[in-house]
Every structure is written in C-alpha cells, then in structure tokens.
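Heads up: the sequence shown runs through residues 103 to 277, numbered per the working numbering.
Remarks on the structure that follows.
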Amino acid sequence: MLADAIADIPLADLRPSDLKLFQGRLRERPSQYTGKPLSEKTVQCVISGSLRALIRDARVDDHLQRDPFLGLEWKTWDIPPAQPLDTQEWQQVEAWFKGRTFQRKLVWKEHPAFHAYVFFLRWHGARPSEAAALTWDHVNLRKAWPTSGRPTPTAPSASRRRAPPSAQSNCTPRC
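Shown next as structure tokens:
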C-alpha cells in the first residue's frame, strides 16, 4: 500500500519527518508500468495533490497546528523536450479520425467534430485540455484567433497564448 508509512498516524500527530519517510518510500517504489522507481514528478504529485489539500483543510479547521510540509525538499528533474508529430504522423492521426464512427446512445454515427478537434490541436498548438475548455467567449472571429481563457495548472506560461490561424489551413468551420 502506498500510504503504509503514514497510514496509522493520526492527522494531528503528522510531522515533517513522517512525510519525508513517505517521500522516501515513494521514491523507492517501482512503477507498475516500467518497473523503474517512480519519477520525482510522480512522487511530488502524489504528496502535493490530495494530501496537501487534506492537510490544508485540517489546519483551517484547527485539527492540525503545524505544517508537516515544512522542510520537505524536492529533487529537480529535467523536463524532456517536446517531440512534435511530423507530417506523416499527423496524416495518420487525421486519417484515423476522419470518417470514423462512434457510438452514442447505442447508435453508431459519424462524428466529424472529432476530425475538426484534431485539426484545431494541430494547427493552433493547443493542448487537448486547453482546446476542450474553449468557449465562444475565447474566440475572436474578427482576427480568427482563439485565445485561451485562464492559465491551467499544468501550463501557467501558456496562459493567454494566442495562436494565429495556419497559412496551410483548408478547413472551414461548420456552424
């Protein structure tokens, strides 16, 4: 079990040394997919995700007097460079989506919106989460530029990023 290092400790008694022990055990734990130790980013996400929110709420409600995250240090990790798809790979992705049928309410139908979605991701450089979050308020029809709304937790530097329409664009939006 992941939380074996801290599972039996009452929340009010949780200390920074307990979180350091938990952090160390997570770093040693092998990934079920690769068999290698978990990456530092995964360890940080496990501890800083739900556990940090639980601790914050406990401190707000006065169940915990001290911050067990004090003194917890993280190793730095190298962010691998982006590996964009080449033209042939994009053509394969587009071909897979174009004319594909999908089941909705037990009926198989073509869904051309998926092809447009993939096209948008390719030519505007948006992440899937950014594209899915767009609303009509984020689209400037005069300039034909989408603008992302708020910064996402995964990409704070990409907030308010503007992507010009592609010169190679041959797709007209269906309204």
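Every residue, glycine too, gets a C-beta built ideally from N, C-alpha and C.
Endpoints, the beta strand (DSSP E) within which residue i is located
i	result
W210	209 to 212
Residue closest to residue i, alpha-carbon to alpha-carbon, out of the options
i	options	result
D164	A197, L113, T136	L113
L140	S150, S152, G126, L153	G126
G173	P118, R129, K143, S133	P118
D115	R224, P230, A160	A160
W179	K143, Q190, R154, C147	K143
K200	I111, A109, A215	A215
L123	W192, P132, A109, S133	A109
Buried versus exposed, by CB contacts within 10 Å (16 or more), residue i
i	result
P183	exposed
A228	buried
F204	exposed
E232	buried
V145	buried
L187	exposed
I181	exposed
S268	Note on S268: pLDDT 44, under 50, position unreliable in the model; the coordinate value appears next. Burial call: exposed.
P255	Only weak support is given to the placement of P255: the predicted model assigns it a pLDDT of 43, under 50, and the question is left unresolved by the model.
L121	buried
L156	exposed
L128	buried
Extent of the continuous alpha helix (DSSP H) run through residue i
i	result
T178	From DSSP, T178 is part of no alpha helix (DSSP H); its letter is neither H nor E.
Q205	Taken as a continuous stretch (DSSP letters only), Q205 belongs to no alpha helix (DSSP H), being part of the beta strand (DSSP E) at 203 to 206.
Q146	142 to 148
Q190	189 to 199
S119	118 to 130
A155	154 to 162
S231	230 to 235
Bridge-paired residues (DSSP) for residue i
i	result
P139	P132
Residue-level contact to chain B via CB, residue i, 8 Å cutoff
i	result
Q185	Note that chain B does not occur in the displayed structure, where there is just one protein chain.
The region 204 to 211 / the region 234 to 246 touching (three or more Cβ pairs under 8 Å): no
Three or more beta-carbon pairs under 8 Å between the region 190 to 200 and the region 157 to 172, yes or no? The region 157 to 172 and the region 190 to 200 do not touch, with fewer than three beta-carbon pairs separated by less than 8 Å.
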